[in-house]
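Here's the structure, in structure tokens; my notes come after.
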Amino acid sequence: MMNAWLPYVLCILLFSVGVYAVLGKKNLIRIILGIVIAEYAVNLFLILLCWKKGGEAPILQPGAVEQVMVDPLPQALVLTSIVIGLATTAFLVAIAMRLHERYGTYDITRIRELRG
Amino acid sequence: MMAGEYIPLLVAVPLAGAFFCALAARKSGAFADTLGTLTVALVLALSIYAVTSPASTHAVGGWQAPLGILLVMDGLASFMLLVVSLVAFLVMIYSLSYMNAYSGRWQFHTLFLLMLAGMNGVVITGDLFNLFVFLEVASLASYALVAFGTGKHELEAAFKYAVMGSLGSLLLLLGIAFLYGYTGTLNMAHMAEQLGVMGVAPITVTALVLLLGGFALKAAIVPFHSWLPDAHPSAPAPISAMLSGVLIKSLGVYTIARLVFNVYGASPGVLNLLMVLGAVSMGVGVILALRQWDMKRLLAYHSVSQVGYMILGFGLGSPLGILGGLFHLFNHSIFKSLLFLNSGALEQATGTRNLKEMGGLSGRMPTTSWTTLSASMSISGVPPFSGFWSKLIIVMACVEQGEWFYGAWAILVSILTLASFLKVTKFAFLGRLKKGFENVREVPWPMRFGMAVLALLCILGGLMLVPEVKEMVLAPAVRVLDHGILTLGEVVRL
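Rendered as structure tokens:
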């Protein structure tokens, strides 16, 4: 019983690690890594959703015997989500590089001119 | 499937416009301008067509719901489309002259059109994952637009905004995963049916909390508002106007309303939560706004406060409250985008955003002066400007529901808003002309045109309540939300 839930719990734990890094770290690169970790946790969660014990790839061939198949939809979703994640990460890294050009540091405590 | 064939065009046209801007308009700024303006004008025409024609749906690629993606053009969607494209069109005209101060015309137009495509997609889709994809398209374009100036502050604000925004998107995706795991569908109407059959479970509540958290981050409702006062002022003025005017509404407020009313079927607990969130946003936003001297930052805090009004209206859950919330959404997108355009005009003419350094500009900049005045009166709820009517409806709805405290709170916040905007008017336009501003000139005509049309809409906004107009624009949107859970069979009938 416990084992069936374990992957999901670990997934949420991984997500929390990512969120912790985003909120608690002071270095721009570590914050970006936090986002990436959280993103992968969510993708893993989606993949876990469609997993079935002994499931086959969902390709129906003529004359094939009916068998247990995994749900194909979340895999398509994860593919989309990975592409979006790539764009977000690339954007964040680009901004971090420009910030480094301007301030000469990746430390957010020293990049803080906006406030109030 | 009848009459819904035009629906995909609302996403396809701006997307194609963005593509061709990036492809063909790199050399010539004038060509990029023409292409951008024509595309937005076409989108505006399509949305006007959508408002005037009956509700319809379109199954993408011929795959029927619940398997395929269903695009739904109901009363609420067409209302939101009208708001988005109207503001986008006027902002586009304004930016024709304003953006001369920046380089990279084709980048601006590409990102602007991408953001528009994303917002339109969010509004018309009937599929939860599709909504997420469009939301990300609009968000990513807006992150890049905030960083458009590539100065120190722009980059810092864009980074903060992008990190918070990505976190919000991840919460949304996790929430969508929970809901998909539980109901086995992504179509919002089918999901609403399934949730109705299966009842409330811990997993649906968890999913709701995750989704509300994500959308509240996009809408900048108070515990999640910290990115907004940095991001919105840092963008170029037309983009600030788009972000504060329509982006937070189509990505945040609209999605919350859709989720709470049409998917979950408004339950008293959730509605109470919305009312509390709305009231806190109203109060915190206006109090933080009072002590600002940077004009754009002041306006950004007022956005937090005014979004609170809409959420409060929805939280009341009665038809009158929903009407107030939607009408305030319309009005706010008009007057807040106008105010940001005004701040851009002032910044361009005087070179500063600090109210203390301005003064006596009403003689030098008459158009900017009267448009700012009408927008300020509208946001503070002075009759007969549009903001007065929507706030009046929200207060009346509070009284009707017996929520006296919230009604009084709404009036108090409105008075504080008035105080804050009297400050803007006094310091920027009245008094003696400061030294060094003798040669300040009024901004060019495209900027004046955009501001003047928005100001007229502020003054005449009350006409939206005239029965014929209301029946066409606002009433169908209210009916969609007031109906509660929408099942697959009912989706088009409202």
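Note that the protein sequences, when read in sequence, are chains Z and R.
The first sequence: position 99 = 99 (my numbering), numbered continuously.
The second sequence: position 477 = 1477 (my numbering), numbered continuously.
Here a beta-carbon is modelled for each residue, glycine too, at the ideal position from N, C-alpha and C.
Per DSSP, the continuous alpha helix (DSSP H) segment holding His1190 (chain R) begins and ends at Met1188 to Met1198. Proximity to Met1447 (chain R) across R:Ala1157, R:Gly1004 and R:Ile1093 peaks at R:Ile1093, based on C-alpha coordinates.
Under the DSSP assignment, Leu1070 (chain R) falls in the beta strand (DSSP E) whose first and last residues are Leu1070 to Met1073. A direct Cα-to-Cα measurement between Gly1104 (chain R) and Ala1022 (chain R) gives close to 11 Å. Sorting R:Pro1233, R:Gly1269 and R:Ser1166 by C-alpha distance to the C-alpha of Val1205 (chain R) places R:Gly1269 at the top. By the Cβ rule, the segment 1084-1092 of chain R counts as touching the segment 1235-1252 of chain R, because three or more pairs are nearer than 8 Å.
Linking Val1413 (chain R) to Gly1285 (chain R) through their CA atoms gives a straight-line distance of about 9 Å.
By the Cβ rule, the segment 1219-1239 of chain R does not count as touching the segment 1070-1081 of chain R, because fewer than three pairs are nearer than 8 Å. DSSP, read as helix, strand or coil, puts Ser1056 (chain R) in strand. By alpha-carbon distance to Ser81 (chain Z), the top candidate from R:Ala1041, R:Ala1241, R:Asn1130 and R:Val1051 is R:Asn1130. Close partners of Ala1158 (chain R) in chain Z (Cβ separation under 7 Å): Ile95. The segment 1188-1202 of chain R makes contact with the segment 1258-1274 of chain R: 3 or more CB pairs, one atom from each, lie closer than 8 Å. Interface with chain Z (8 Å Cβ-Cβ cutoff): Leu1155 (chain R) is included. With contacts defined by Cβ atoms closer than 8 Å, Phe1215 (chain R) and Thr1255 (chain R) form a contacting pair. For Pro1229 (chain R), the enclosing alpha helix (DSSP H) has its first and last residue at Leu1228 to Ser1234. Close to Ile111 (chain Z), with beta-carbon spacing below 9 Å, are these residues of chain R in chain order: Lys1152, Leu1155, Glu1156 and Phe1159.
In the structure shown, Asn1439 (chain R) falls within a coil segment according to DSSP collapsed to helix, strand and coil. For a cut-off of 8 Å, the C-beta gap from Ser1374 (chain R) to Phe1385 (chain R) is around 6 Å, short enough to register as a contact. Interface residue (Cβ-Cβ distance to chain R less than 8 Å): Glu66 (chain Z) is not classified as such.
Per DSSP, reduced to three states, the secondary structure at Met1358 (chain R) is coil, with no helix or strand assignment. Contact of Ala1428 (chain R) with chain Z is not assigned, every C-beta pair being separated by 8 Å or more.
Counting only residues of its own chain and dropping the five nearest sequence neighbours on each side, Ser1142 (chain R) has a CB closer than 7 Å to the CB of Met1115, Leu1243 and Leu1247. Straight through space, the alpha carbons of Asn1331 (chain R) and Leu1454 (chain R) are spaced by roughly 10 Å. Residue contact check for Ser1166 (chain R) against chain Z: a CB pair falls below 8 Å. Under the three-state reduction of DSSP, Glu1490 (chain R) is assigned to helix.
Residues of chain R whose Cβ lies closer than 7 Å to the Cβ of Ser81 (chain Z) are, in chain order, Leu1173.
Annotated as proximal: Gly1387 (chain R) and Phe1335 (chain R), with beta-carbon spacing under 8 Å. Secondary structure remark: continuous beta strand (DSSP E) runs of at least 3 residues inside the segment 1040-1125 of chain R, in chain order: 1056-1059 and 1070-1073. At a cut-off of 8 Å between beta-carbon atoms, Val19 (chain Z) makes contact with chain R. For Ala57 (chain Z), the nearest beta carbon of chain R is not closer than 8 Å to its own beta carbon. Pairwise C-beta distances place the segment 83-93 of chain Z in contact with the segment 1158-1170 of chain R, as three or more of them are shorter than 8 Å. Interface flag for Leu99 (chain Z) against chain R is set, since a Cβ pair is found closer than 8 Å. Here Ala1345 (chain R) is buried, its C-beta having at least 16 other C-beta atoms within 10 Å. Under the 8 Å criterion on CB atoms, Tyr1143 (chain R) is classed as interfacial with respect to chain Z. Excluding sequence positions up to five before and after Ser1095 (chain R), its CB lies within less than 7 Å of the CB of Pro1238, all in the same chain and listed in chain order. Taking 8 Å as the cut-off, the beta carbon of Ala1088 (chain R) is found closer than this to the beta carbon of Val1040 (chain R).
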